[in-house]
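Heads up: the structure comes next, in structure tokens.
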Amino acid sequence: MLSQYLSGITALLWGLFRIPPPKERPLNVSVWKRLNLETVKHRYGGFRFAKSAFGVLLLTLFGLSPAVQAAADLTATTMVAVLQNDADSDTLFSPGDTIRYIVTIDNTGDAADTSVVFTLTPDTDTTLPGSTVTTTQGTVTSGNTVGDTTVSVSSMGSVAVGTPVTIKIDVTINSPLSSCTTSVTTQGTVTSTEHSGGILTDDINNAAVDDATVTSLTVPNNAPTASDNTVSTPENAQKVFAAADFNFSDIDCSDSLSKIQITQLETVGDLYLDANDNEVLNAGEDVTLSQEIDAVDILRLKFIPVTDDDASPYTTFKFKVKDATDYSASEYTMTINVVPNQAPTGTDKTVTTLEDTAYTFVEADFGYSDADTDPFTSIEITQLETVGALQLSGADVTLTQVILVADIPNLTFTPATNGNGTGYDTFQFTVNDGNVDSSSAYTMTMDVTAVNDAPTAADNTVTTNEDTTYTFAEADFGFSDVDADTLVSVEITTLETVGALQLSGADVTLNQVITVADITASNLTFAPVADANGTGYDNFQFTVNDGTVDSASANTMTIDVTAVNDAPTAADNTVTTNEDTAYSFAEADFGFSDVDADTLVSVEITTLETVGALQLSGADVTVNQVIAVADITASNLTFTPAANASGTGYDTFQFTVNDGTADSASPNTMTIDVTAVNDAPTAADNTVTTNEDTALAFAEADFGFSDAESDPFTSVEITTLETVGALQLSGADVTLNQVITVANIAASNLTFTPAADGFGTGYDTFQFTVNDGTVDSSSAYTMTINVTAQQDAPTAADNTVTTNEDTTYTFAEADFGFSDVDGDTLVSVEITTLEIVGALQLSGADVTLNQVIAVADITASNLTFAPVANDSGTGYDNFQFTVNDGTVDSASANTMTIDVTPVNDLPTAADNTVTTNEDTAYPFVEADFGFSDGDGDTLVSVEITTLETVGTLQLSGADVTLNQVIAVADITASNLTFTPAANASGAAHDTFQFTVNDG
416 MLSQYLSGIT ALLWGLFRIP PPKERPLNVS VWKRLNLETV KHRYGGFRFA KSAFGVLLLT
476 LFGLSPAVQA AADLTATTMV AVLQNDADSD TLFSPGDTIR YIVTIDNTGD AADTSVVFTL
536 TPDTDTTLPG STVTTTQGTV TSGNTVGDTT VSVSSMGSVA VGTPVTIKID VTINSPLSSC
596 TTSVTTQGTV TSTEHSGGIL TDDINNAAVD DATVTSLTVP NNAPTASDNT VSTPENAQKV
656 FAAADFNFSD IDCSDSLSKI QITQLETVGD LYLDANDNEV LNAGEDVTLS QEIDAVDILR
716 LKFIPVTDDD ASPYTTFKFK VKDATDYSAS EYTMTINVVP NQAPTGTDKT VTTLEDTAYT
776 FVEADFGYSD ADTDPFTSIE ITQLETVGAL QLSGADVTLT QVILVADIPN LTFTPATNGN
836 GTGYDTFQFT VNDGNVDSSS AYTMTMDVTA VNDAPTAADN TVTTNEDTTY TFAEADFGFS
896 DVDADTLVSV EITTLETVGA LQLSGADVTL NQVITVADIT ASNLTFAPVA DANGTGYDNF
956 QFTVNDGTVD SASANTMTID VTAVNDAPTA ADNTVTTNED TAYSFAEADF GFSDVDADTL
1016 VSVEITTLET VGALQLSGAD VTVNQVIAVA DITASNLTFT PAANASGTGY DTFQFTVNDG
1076 TADSASPNTM TIDVTAVNDA PTAADNTVTT NEDTALAFAE ADFGFSDAES DPFTSVEITT
1136 LETVGALQLS GADVTLNQVI TVANIAASNL TFTPAADGFG TGYDTFQFTV NDGTVDSSSA
1196 YTMTINVTAQ QDAPTAADNT VTTNEDTTYT FAEADFGFSD VDGDTLVSVE ITTLEIVGAL
1256 QLSGADVTLN QVIAVADITA SNLTFAPVAN DSGTGYDNFQ FTVNDGTVDS ASANTMTIDV
1316 TPVNDLPTAA DNTVTTNEDT AYPFVEADFG FSDGDGDTLV SVEITTLETV GTLQLSGADV
1376 TLNQVIAVAD ITASNLTFTP AANASGAAHD TFQFTVNDG
């Protein structure tokens, strides 16, 4: 049964696709494009063809998902819609074009379907004209005359198995389609006796039911529309237009407002396009008839009514709107109402502040109100205060002073000191809405509430000795009260940081209140830390109380502690030195300490050393000798062990330290340990000789090694490097402090190579130490290398010479960089490669390749180079050469480079005639002066060489003077102007002369 169900459609598709056998569940089959179709979806009950390759027609075929099939199995394809007749030949879906719907009714069952009827309702955007329905079988019973909205085909009789019935219906598009339109759909139903409920319904409102569809419709652009509008602005205020004010509408969904065009101008006021957004109508900003304004610039379209003028309606202008392509067919009217301004009002107000407290006004205090909803902009003081101080940002307000709303938070009233009372003071004011003041003044009343005056205290400094407790007295706190109240208590608001502030022996805590009775009973004390002292040693802060209120701010109690001297201390110490090495004592060796923070002044030697030598500046120290700390820091106090002696606890002496006032109470012991050391080997300075350009290999004997302990020679350390030649180990440059083993020296790996062609007695040196396997020699020795001269070829040097553009360069002998290690002089130059741009010549004749130029010709200025006319550049040209010393040429060629420096060419200008209207100033522009420069330089300034005779030539409003230089920045800023004499005119009305400058 399933194969019968699908056989009709399978047969139709066999020529297009190979269809796999259907299964009892949905499956998808994707195939490559063929016959303009991209995808086939094979489903249980039907197929769908999707997306025409031409993007014009979407053809969708659906069968029904079958239930149990009757003997008659009627199916209908979804209607296919195509552009049948393009009436205006524009390939667009336009009014008047014809769309054709095609539906095929097929019977794939075992018996005929009877009484088959097909009914179609066209899309509302289309019209069904007469004589447009044809069918291969059956009778059109309705819908074949003009004006009908549906079509029915009946009496098709029995639709035989395998004999499809094809119905074609043509409809005409009767109204423009929006660019949003992606389909023109229909509703069609097929019924028969066997399928009385209908077997196929195309419903545009049901996504589950297939519709005949035309997709990717290409429709002509529809012109937009707008509507008249009325906008309002307050008197003396500008109206700023928005795009929404123009009521743009377009049935094309993707179109938006791109421009408006002003088709009729206003009759009163000024409609202008505010190019620089400064809300000022500048010259050239008036909107003109037929002016087009881009949508993005509509916010700059503004209207200014005449000052103090109002009316409703006040004026009108007309406009059209445009989408991306077309303007609206009609023009529309914008009406502007100008609403008269009404004066604002304020209110009387009473504000309250405390005695001795400034009141800061707020915007709400002035009771501003405005019927026009204009914003509150300012107040004016029409009557001043009489007792207190009304101030703006600290300065007294003056009569009729205007105060902006933004400054009201800076407006204050301060009552006189200790002044108070209800209705204490008043002032009067008016309010302003940016256009007009209130018609009457209002009164601001200030009530000042009386408050108790706080007592005051005073900062104070008290003094105690180091390690001595201070007891506070009532007078220490500097209590004062304008109300004649007495001190009741003190509150500690910040604590001491170093010493101990205590009440009756217990530490005072933060914010603890101390009664005056405790203070008078000497219970409040301060004790400094042991041995501590100093000015401003410690402090704490406090407030005082009169029984009612604390002082308004805290005061500071400072405690100075007077120093009492303490004896310093020292510490036993052990220092270490090497055998045969003097030890220089440092200040830190004596372990000086002083609780008073005094510094070490001197050391006294109370017992002497017994084995070595304790000396001051080379003289033996004596018992009880005092050594100044300056001598110690200068390293003058030394201990030298006996020669070759060593040992732990090798020697001792005792000492005391002094802080400038007292010695330490008891002596301390200095112990000297002497560490045994190996005796260093020695070497000897030496001179070795090699020939020019010949490497020398060093031998072990060259270094003059000797060791008192007969230790073997193990290595050499290079302590300073050679300066001219190359000292190398196995071909690699020796580095500073590199250690060379004796094995490498014996293997001739340590070599010295003089620089090429270098020679001389004492040609180069380096220094070295020798090592015996334990220690280096105590000093460095010098190895001198003599290099014996050999005959050498001369050398030259690459060189760059410079000449000016269009200027011949004459070569000199020094240009060729001749050098000869043998002291020979330059005899000749050979040109080995020629120049490529300019002209290299000898006595006016072109030099040829490999030509030899005698030095006499060079010194006679016969060898020259001339660049091409007006040409220049760095590395402009070059040639190569060798030099000869009379015996041999240089080994390689060198390069002579010629740089040619550009010479600036003068700029030019052009005579010019400019035009202005009578009584109208002309601002000059840069182009007026006809500047031109062959070097591509830009105009920098203009000099006025003769003055005008009739009008006025001015720079920034000041008359230009003879030979005045005008910067180009002033010209581009329109600062240079010419104003004709009043009411004067004429061709060649006036002239002046000028020169131009390129910098």
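Just so we're aligned, residue 416 is where the sequence shown starts under the working numbering, counting upward by one.
No residue lacks a Cβ here, since even glycine has one placed at the ideal position from N, Cα and C.
If you're wondering where the values come from, they're calculated on a predicted model, not measured in any experiment.
Asked                                                                                                          : Found
Paired residues, beta bridge with Glu1107 - DSSP                                                               : Beta-bridge pairing links Glu1107 to no other residue.
Exposure label - Thr1297; buried when at least 16 CB within 10 Å                                               : buried
Asp1019 and Phe1070 closer than 9 Å at C-beta                                                                  : The identity of residue 1019 in the sequence shown is Glu, whereas the question assumes Asp. Yes, these two residues count as a Cβ contact at 9 Å.
Proximity to Ile675 [Cα-Cα], best of Ile713, Asp689, Asp868 and Leu939                                         : Ile713
Segments assigned alpha helix (DSSP H), at least 4 residues, entirely inside the stretch 1126-1175             : 1157-1161
Cβ pair Phe1007, Pro983 closer than 9 Å                                                                        : yes
Cβ contact check for the stretch 1366-1377 and the stretch 1298-1307: 3 or more pairs under 8 Å                : no
For Gly761 and Ser853, believed in contact at Cβ under 8 Å, the rounded distance                               : 6 Å
Span of the beta strand (DSSP E), counted from its first residue to its last, around Thr864                    : Tyr857 to Thr864
With 16 other Cβ atoms within 10 Å as the buried cut-off, status of Asp1413                                    : buried
Rounded straight-line distance, which links the Cα of Gln917 to that of Ala888                                 : 14 Å
CB of Val1202 within 9 Å of CB of Gly1173, strictly                                                            : yes
Collapsed DSSP secondary structure at Phe1226 in the structure displayed                                       : coil
Where Phe732 falls: helix, strand or coil (DSSP)                                                               : strand
Of the residues Val851, Ser855 and Met859, the one placed nearest Phe842, counting alpha carbons only          : Met859
Bridge partners - Gln927, DSSP secondary structure assignment                                                  : The partner list for Gln927 (beta bridge, DSSP) is empty, contrary to what the question assumes.
Closest residue to Ile794 among Asp1314, Asp787, Thr909 and Phe781 (Cα-Cα distance)                            : Phe781
Sequence-distant residues of its chain with Cβ nearer than 7 Å to Thr930 (five each side left out)             : Ser904
Straight-line Cα distance separating Gln1266 from Tyr1224                                                      : 19 Å
Which residues DSSP lists as bridging Glu1019, in chain order                                                  : Val1041 and Thr1071
Burial state of Ala1342, where buried means 16 or more other Cβ atoms lie within 10 Å                          : exposed
Proximity of Lys737 and Ser673 at Cβ, strictly below 9 Å                                                       : yes
Leu714 - DSSP class collapsed to helix/strand/coil                                                             : helix
Completely contained alpha helix (DSSP H) runs for the stretch 883-946, where each covers 4 or more residues   : 931-935
Environment of Thr1184 [buried if 16+ CB atoms lie within 10 Å]                                                : buried
Distance between beta carbons of Thr1055 and Ala1012, contact taken as under 8 Å                               : Actually they do not touch by this definition, with Cβ atoms about 35 Å apart.
Boundaries of the beta strand (DSSP E) in which Val1202 is found, first to last residue                        : Tyr1196 to Thr1203
Residue nearest to Val846 in terms of C-alpha spacing, selected from Met861, Leu819 and Asp868                 : Leu819
Counterpart residues of Ser1243 in DSSP-defined beta bridges                                                   : Ala1269 and Asn1299
Beta-carbon spacing of Thr767, Val863 below 9 Å                                                                : yes
Sequence-distant residues of its chain with Cβ nearer than 6 Å to Thr1053 (five each side left out)            : Ala997, Ser999 and Gln1030
Per DSSP, cross-strand counterpart(s) of Pro1338                                                               : Thr1392
Outcome for Leu1377 when other beta-carbon atoms lying within 10 angstroms are tallied against a minimum of 16 : exposed
Ala1281, enclosing alpha helix (DSSP H) - first and last residue                                               : Not the alpha helix (DSSP H): Ala1281 falls in the beta strand (DSSP E), residues Leu1278 to Ala1281.
Opening and closing residue of the beta strand (DSSP E) in which Val1411 lies                                  : Gln1408 to Asn1412
Range of the contiguous beta strand (DSSP E) that encloses Ala804                                              : Ala804 to Leu807
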